[in-house]
Amino acid sequence: VIKDSQKITKTDFSTPLTCDLNVKDCTYSFNNKKVLISLNPKPLQSLDVTNLKIVNLGNYNNLGIKIYGLNMYMGEIKPKIHRLNSTDYESKIVLAACVLDTMRFRVEFMDNNKPIGFYFDFELKK
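Its first residue numbered 1, the sequence shown is counted upward by one per residue in our numbering.
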(Lines of atoms letter the chains of each structure in order from A; the text may use other names.)
(Lines give C-alpha, C1' and ligand atoms only; values in the text may rest on other atoms or scores of the structure.)
Protein backbone atom coordinates (compact mmCIF):
# COMPACT_ATOMS: atom_id res chain seq x y z
CA VAL A 1 0.00 0.00 0.00
CA ILE A 2 1.36 3.38 -0.95
CA LYS A 3 0.20 6.02 1.48
CA ASP A 4 -1.19 9.28 0.03
CA SER A 5 -0.19 8.37 -3.53
CA GLN A 6 -2.16 7.74 -6.66
CA LYS A 7 -3.53 4.25 -7.19
CA ILE A 8 -1.06 2.25 -9.21
CA THR A 9 -2.26 0.14 -12.10
CA LYS A 10 -0.47 -2.27 -14.39
CA THR A 11 -0.56 0.24 -17.23
CA ASP A 12 1.61 2.63 -15.18
CA PHE A 13 4.68 0.50 -15.83
CA SER A 14 3.79 -1.75 -18.75
CA THR A 15 3.47 1.07 -21.29
CA PRO A 16 6.63 2.73 -22.64
CA LEU A 17 7.57 6.15 -21.31
CA THR A 18 7.06 9.10 -23.66
CA CYS A 19 10.59 10.35 -22.91
CA ASP A 20 13.61 8.45 -21.56
CA LEU A 21 15.60 10.45 -18.98
CA ASN A 22 18.42 7.88 -19.34
CA VAL A 23 19.06 9.25 -22.83
CA LYS A 24 18.01 12.93 -22.81
CA ASP A 25 16.38 15.71 -20.81
CA CYS A 26 12.59 15.70 -21.05
CA THR A 27 9.96 18.42 -21.36
CA TYR A 28 6.51 18.00 -19.79
CA SER A 29 3.41 20.21 -20.00
CA PHE A 30 2.10 21.56 -16.70
CA ASN A 31 -0.14 24.59 -16.03
CA ASN A 32 0.20 25.82 -19.64
CA LYS A 33 4.01 25.79 -19.36
CA LYS A 34 6.79 23.53 -20.58
CA VAL A 35 8.75 22.14 -17.62
CA LEU A 36 12.23 20.81 -18.40
CA ILE A 37 13.48 17.90 -16.28
CA SER A 38 17.06 16.66 -16.33
CA LEU A 39 18.67 13.80 -14.43
CA ASN A 40 22.46 13.48 -14.69
CA PRO A 41 24.75 11.70 -15.22
CA LYS A 42 23.20 9.55 -17.92
CA PRO A 43 22.44 6.66 -18.01
CA LEU A 44 21.00 6.62 -14.49
CA GLN A 45 22.70 4.33 -11.97
CA SER A 46 21.55 3.03 -8.60
CA LEU A 47 23.51 3.97 -5.48
CA ASP A 48 25.19 6.93 -7.25
CA VAL A 49 24.46 10.61 -6.72
CA THR A 50 22.06 11.82 -9.43
CA ASN A 51 21.55 15.53 -10.08
CA LEU A 52 17.94 16.55 -10.67
CA LYS A 53 17.24 19.91 -12.30
CA ILE A 54 13.73 21.34 -12.76
CA VAL A 55 13.32 24.35 -15.08
CA ASN A 56 10.19 26.52 -15.45
CA LEU A 57 8.03 24.72 -12.87
CA GLY A 58 6.71 27.87 -11.20
CA ASN A 59 7.00 29.69 -7.90
CA TYR A 60 6.43 27.47 -4.86
CA ASN A 61 7.24 28.47 -1.29
CA ASN A 62 7.81 25.00 0.12
CA LEU A 63 8.46 22.70 -2.84
CA GLY A 64 9.20 19.09 -2.12
CA ILE A 65 9.31 15.84 -4.02
CA LYS A 66 8.77 12.24 -3.18
CA ILE A 67 10.18 9.44 -5.29
CA TYR A 68 8.72 5.94 -5.15
CA GLY A 69 8.68 2.77 -7.20
CA LEU A 70 5.69 1.91 -9.38
CA ASN A 71 6.43 -1.75 -10.05
CA MET A 72 7.86 -2.49 -6.60
CA TYR A 73 7.35 -0.52 -3.41
CA MET A 74 10.72 0.24 -1.83
CA GLY A 75 9.73 3.14 0.40
CA GLU A 76 9.86 6.83 -0.44
CA ILE A 77 12.83 9.08 -1.14
CA LYS A 78 12.25 12.69 -0.05
CA PRO A 79 15.35 14.69 -0.99
CA LYS A 80 15.94 18.33 -0.15
CA ILE A 81 15.03 20.78 -2.96
CA HIS A 82 17.06 23.94 -3.57
CA ARG A 83 15.47 26.95 -5.26
CA LEU A 84 17.66 28.47 -7.99
CA ASN A 85 15.28 31.34 -8.87
CA SER A 86 11.51 31.92 -8.98
CA THR A 87 10.81 28.98 -11.34
CA ASP A 88 13.84 26.65 -11.24
CA TYR A 89 14.99 24.11 -8.65
CA GLU A 90 17.61 21.41 -8.15
CA SER A 91 18.28 18.44 -5.93
CA LYS A 92 20.66 15.54 -5.46
CA ILE A 93 19.19 12.05 -5.14
CA VAL A 94 20.50 8.53 -4.62
CA LEU A 95 18.34 5.77 -6.10
CA ALA A 96 18.04 2.42 -4.37
CA ALA A 97 19.21 -0.77 -6.06
CA CYS A 98 16.52 -3.23 -7.07
CA VAL A 99 16.37 -6.91 -8.03
CA LEU A 100 14.17 -6.15 -11.06
CA ASP A 101 15.79 -5.67 -14.48
CA THR A 102 13.89 -2.40 -14.91
CA MET A 103 12.54 -0.35 -12.02
CA ARG A 104 10.06 2.41 -12.82
CA PHE A 105 10.04 5.34 -10.42
CA ARG A 106 7.64 8.25 -10.06
CA VAL A 107 8.72 11.72 -8.91
CA GLU A 108 5.73 13.53 -7.44
CA PHE A 109 5.91 17.26 -6.66
CA MET A 110 4.42 18.71 -3.49
CA ASP A 111 4.00 22.20 -2.02
CA ASN A 112 3.54 22.29 1.74
CA ASN A 113 3.23 18.47 1.59
CA LYS A 114 0.24 18.63 -0.79
CA PRO A 115 0.47 17.36 -4.40
CA ILE A 116 0.57 20.15 -6.99
CA GLY A 117 -0.61 17.82 -9.77
CA PHE A 118 2.75 17.40 -11.50
CA TYR A 119 4.82 14.24 -11.63
CA PHE A 120 7.07 12.38 -14.04
CA ASP A 121 8.18 8.77 -14.35
CA PHE A 122 11.59 7.36 -15.25
CA GLU A 123 13.23 3.97 -15.41
CA LEU A 124 16.36 2.62 -13.78
CA LYS A 125 17.85 -0.37 -15.56
CA LYS A 126 20.12 -2.98 -14.01
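We put the CB at the ideal spot given by N, CA and C, even for glycine.
Item to check | For T27 and L39, believed in contact at Cβ under 8 Å, the rounded distance | outcome: Not a contact, Cβ separation roughly 13 Å.
Checklist entry - Grouping DSSP H, G and I as helix and E and B as strand, with all else coil, what is S91? => result strand
Item to check | Rounded separation between G69 and Q45 - CA only | outcome: 15 Å
Item to check | beta strand (DSSP E) segment containing V125, residue limits | outcome: One detail in the question is off: residue 125 reads as Lys in this sequence, not Val. Taken as a continuous stretch (DSSP letters only), the beta strand (DSSP E) holding K125 covers 114 to 125.
Next on the checklist: Can you check which of these residues, L100, T50, E123, I65, is closest to F109 by C-alpha distance?
Outcome noted: I65
Item to check | Backbone CA spacing between N32 and A96 [nearest angstrom] | outcome: 33 Å
Checklist entry - What are the residues that DSSP puts in a beta bridge with C19? => result In the DSSP output, where bridge partners are listed per residue, C19 has none listed.
Item to check | Start-end ranges of the beta strand (DSSP E) lying completely within the region 33 to 64, minimum 3 residues | outcome: 33 to 40, 49 to 55
Checklist entry - In three-state terms, what does DSSP make of S29? => result strand
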